[in-house]
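In this note's numbering, the protein residues as written are 11 to 146. We put the CB at the ideal spot given by N, CA and C, even for glycine. All of these numbers come straight from a predicted model, not from anything done at the bench. Right, one structure below, let's go through it.
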């Protein structure tokens with residue numbers, strides 16, 4: 011249960027992603043043969059200019075490409091880009107059911123800062139949203 015969506019997203023959703031990432035870094039991960047196998051981007055945590063120093067991260071690596079170091083490489087590049095852009099606070103929202111992602115974030119210095127209990131339901135199972143933060 012790594013992603014919140016229960017069904018594949020329509021192609022039009024890509025336009026929405028492009029819109030929310032304007033002014034922030036985004037990256038695409040390709041396999042050796044050039045196939046897109048993942049992506050990552052930052053977007054505003056909140057629209058208030060006083061919170062511009064904080065960005066929320068979103069990323070995805072295709073399951074068949076997990077455990078190859080791609081997620082870590084992607085996250086390191088996003089952190090580097092954040093620093094260049096004057097962002098010193100990163101936030102990630104993770105499903106409580108995604109133990110691998112929670113572990114991954116902790117490994118990269120993220121700390122759990124909050125939990126919204128039973129706000130989601132996927133495939134008939136309730137889950138929490140865990141907010142994780144890393145100061146950079």
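Notebook entry, point to check: What span of residues does the alpha helix (DSSP H) with residue 135 cover, start to end?
Noted result: In the chain shown, counting from the first residue as 1, residue 135 sits at position 125. Segment 135–145 is the beta strand (DSSP E) holding residue 135; no alpha helix (DSSP H) there.
Checklist line | Identity of the residue in 29, 21, 32, 101 nearest residue 63 by Cα | finding: By 1-based counting over the chain shown, the position of residue 63 is 53. When each option's Cα is compared against that of residue 63, the closest is 101.
Notebook entry, point to check: Out of 129, 80, 54, which has the shortest C-alpha to C-alpha gap to residue 41?
Noted result: Along the chain shown, one-based indexing puts residue 41 at 31. Residue 80 is the option with its Cα nearest to residue 41.
Next item on the list: Pick out whichever of 72, 88, 21, 61 has its Cα sitting closest to the Cα of residue 37.
Entry: For the purposes of this step, residue 37 is identified with residue 27 of the chain shown, where counting begins at 1. Residue 37 has its Cα closest to that of 88, out of 72, 88, 21, 61.
Notebook entry, point to check: Do the CB positions of residue 137 and residue 103 come within less than 8 Å of each other?
Noted result: Translated into positions along the chain shown, residue 137 becomes position 127. Translated into positions along the chain shown, residue 103 becomes position 93. No; because the gap between Cβ atoms is not below 8 Å, this pair is not in contact.
Notebook entry, point to check: Buried or exposed: residue 71, going by 16 or more other Cβ atoms within 10 Å of its Cβ?
Noted result: Here residue 71 corresponds to residue number 61 of the chain shown, with the count starting at 1. Around the beta carbon of residue 71, 16 or more other beta carbons lie within 10 angstroms, which makes this residue buried.
Notebook entry, point to check: Is residue 107 helix, strand or coil by DSSP?
Noted result: The residue you call residue 107 lines up with position 97 of the chain shown. Here residue 107 sits in coil by DSSP.
Notebook entry, point to check: How big is the Cα-Cα spacing for residue 108 and residue 60?
Noted result: As a first step, residue 108 must be located in the chain shown, where it is residue number 98. As a first step, residue 60 must be located in the chain shown, where it is residue number 50. Approximately 31 Å between the Cα atoms of the pair.
Notebook entry, point to check: Curious, which full-length beta strand (DSSP E) runs of at least 3 residues does the stretch 52–111 contain?
Noted result: 64–71, 99–105
Check: What distance in whole Å lies between the Cβ atoms of residue 66 and residue 75, which are believed to be in contact at a cut-off of 8 Å?
Finding: Taking the chain shown and counting its residues from 1, one reaches residue 75 at position 65. Taking the chain shown and counting its residues from 1, one reaches residue 66 at position 56. About 23 Å separates the beta carbon of residue 75 from that of residue 66, a gap too long to meet the 8 Å contact definition.
Next item on the list: Report buried or exposed for residue 56, applying the criterion of at least 16 other Cβ atoms within 10 angstroms of its Cβ.
Entry: Position 46 of the chain shown, counting from 1, holds the residue named residue 56. With fewer than 16 other Cβ atoms within 10 Å, it is exposed.
Margin query: Measuring alpha carbon to alpha carbon, tell me which residue in 142, 69, 27, 134 is nearest residue 117.
Written below: Counted from its first residue, the chain shown places residue 117 at position 107. It is 142.
Check: If we ignore side chains and look at the alpha-carbon of each, how far apart do residue 134 and residue 43 end up?
Finding: For the purposes of this step, residue 134 is taken as residue 124 along the chain shown, with counting starting at 1. For the purposes of this step, residue 43 is taken as residue 33 along the chain shown, with counting starting at 1. Taking the straight line from one Cα to the other gives about 38 Å.
Notebook entry, point to check: What number of angstroms, rounded off, separates the C-alpha of residue 125 from the C-alpha of residue 99?
Noted result: By one-based count along the chain shown, residue 125 stands at place 115. By one-based count along the chain shown, residue 99 stands at place 89. About 18 Å.
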